[in-house]
Amino acid sequence: MQEVSLFSGISVDKREKVVRLLEQLTGRKPHEFKEWHLVYAPPASSDSDSTFLARPDLYLRLSASLTNNCNVNNHINNDFISTSNNTSTSNNTSNTLTQFFSYDWKISLVDVPDMGIKRPVTSRLYLQSHVLSGNVFTFLQELDYVFHFEYVMQGVQFIYGNCILILFQTLRPLEKHLLEDLVQVDVSGGWILQASVYVEDASDQTLMTQATDKLAQIRKILNGICHLEPVTDNRLR
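The sequence shown begins at 1 in full-length UniProt numbering and counts up by one.
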């Protein structure tokens with residue numbers, strides 16, 4: 001599946017205006033969401049660690065909705081994957097895994113945009129699947145993937161035809177896996193508006209053109225209040 005998107009930064013004072021405009025555009029009230037994202041890096045030999053960490057397209061990402069799972073006991077050492085053979089750590093890990101089985105985990109692999117190439121939209125491969133059974137953390141451990149970082153996304157979502165619009169903030173926990181104390185990554189308190197269309201077959205140029213045209217339409221509608229634009233990878237080749 002291919003994710004085709006445009007983005008815009010939204011200041012705090014413009015947030016309510018954007019929400020009202022999206023309500024008028026879609027004819028619906030916003031759907032509030034809060035998601036926890038855990039990012040795991042692939043295994044790497046000691047002489048190439050920096051190379052692998054610079055390849056976010058190789059990361060595996062776990063996500064779960066916190067909207068209906070807010071009763072989390074955060075007073076446990078939430079190390080999902082044991083980093084040693086210490087019995088105490090293993091027991092804590094086991095207890096935590098049992099606690100989080102109620103979460104509807106999804107696992108995804110997300111590509112990055114081509115470096116230095118300007119396009120009318122941001123396009124990237126986006127593969128995602130629900131974890132239907134088994135222990136996903138043990139699965140990651142068997143792959144030698146290691147926990148890299150985490151964040152929480154919270155905001156509102158709208159649906160406009162085949163386009164998903166989300167207005168969100170990114171938060172981070174002050175301590176690993178502790179969700180009670182979250183701080184904003186953007187200290188200004190700003191928001192991000194993301195408009196995305198998902199295309200099943202990226203090789204189908206008709207579908208890709210339709211997705212690009214849909215985003216261009218939305219950009220024109222919202223142009224008076226924000227400027228939607230593609231986000232590219234600015235790394236040097």
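Here a beta-carbon is modelled for each residue, glycine too, at the ideal position from N, C-alpha and C.
Comparing alpha carbon positions, the residue from K118, V18, F7 and Y59 closest to V110 is Y59. Counting along the chain, the unbroken alpha helix (DSSP H) around T206 starts and ends at Q205 to L222.
The beta carbons of A64 and W105 sit closer together than 7 Å. Here S196 has E3, S5 and I164 as same chain residues with Cβ atoms under 6 Å from its own Cβ, once five neighbours each way along the sequence are excluded. At least 7 Å separates the beta-carbon of L193 from that of L215.
Using a C-beta cut-off of 8 Å, the region 126 to 140 makes no contact with the region 174 to 181, since fewer than three inter-stretch Cβ pairs fall below that distance. DSSP, read as helix, strand or coil, puts R119 in coil.
Residue V39 holds the alpha-carbon nearest to the alpha-carbon of E150 among E23, V39, L21 and T26.
Per the C-alpha coordinates, the member of R20, S8, W36 and E35 positioned closest to K29 is R20.
A straight line joining the alpha-carbon of V112 with that of D204 spans about 20 Å.
Straight across, the Cα-Cα distance linking T122 with F137 is about 31 Å. The residues D144, in chain order, have a CB closer than 6 Å to that of P43 in the same chain once the five nearest residues on each side in sequence are set aside. For V136, the three-state secondary structure derived from DSSP is helix. The alpha carbon of I107 has as its nearest neighbour, out of R124, W36 and G27, the alpha carbon of W36.
In the DSSP assignment, R61 forms a beta bridge with V39 and S108. If you compare the alpha carbons of R124, V185 and L62 with that of Y103, the shortest gap goes to L62. K34 sits in a strand when the DSSP states are folded into three classes.
For the 7 Å CB-CB criterion, F158 and L66 do not form a contact.
Excluding sequence positions up to five before and after I221, its CB lies within less than 7 Å of the CB of L25, all in the same chain and listed in chain order. For E16, the enclosing alpha helix (DSSP H) begins and ends at R15 to T26.
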